[in-house]
Amino acid sequence: MTSKDTPPASLKAAEICFGLNRETDEQSIEAFLQRFADPAFLQTLIPRLEEEEITSLLDFLSRLMHKHCSENEYHRLFLKD
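First residue of the sequence shown? That's 2 in this note's numbering, and the numbers climb one at a time after it.
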């Protein structure tokens with residue numbers, strides 16, 4: 002992200018790319034994850050996931066949050082409490 006106060010405008014799907022530079026990677030992963038979290042997409046994807054895939058995805062995301070977020074950030078930004 003270019004700044005903590007002003008996130009970049011979401012990229013169009015055709016603009017998402019990785020490997021050029023860190024700034025583009027950060028903007029692309031943000032746009033990718035926003036698209037991934039779209040309710041209509043999740044309603045299609047989740048019923049098709051195998052139990053092992055659900056567990057693996059949860060474990061991976063939990064490890065990332067634990068590694069990169071303080072407990073305060075986790076509660077404030079993720080749990081919204």
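A virtual CB, placed ideally from N, CA and C, is assigned to each residue, including glycine.
From a predicted model like this one, the values you see are computed outputs, not experimental measurements.
Query                                                                                                                                                   : Result
Express the C-alpha separation of E72 and P48 in angstroms, rounding to a whole number.                                                                 : 31 angstroms
In angstroms, rounded to a whole number, what distance separates the CA positions of L50 and F42?                                                       : 13 angstroms
Which class does I17 belong to by DSSP, given the choice of helix, strand or coil?                                                                      : coil
Classify Q35: buried if its beta carbon has 16 or more other beta carbons within 10 angstroms, exposed otherwise.                                       : exposed
Is N73 helix, strand or coil by DSSP?                                                                                                                   : helix
Mind reading off the beta-carbon distance from S11 to A32? Whole number of angstroms is fine, and I expect it under 8 angstroms.                        : 5 angstroms
Candidates S29, M66 and F61: which alpha carbon is nearest K13's?                                                                                       : S29
Where in the segment 23-69 do unbroken runs of the alpha helix (DSSP H), each at least 4 residues long, occur, reported from the N-terminal end onward? : 23-37, 40-46 and 52-69
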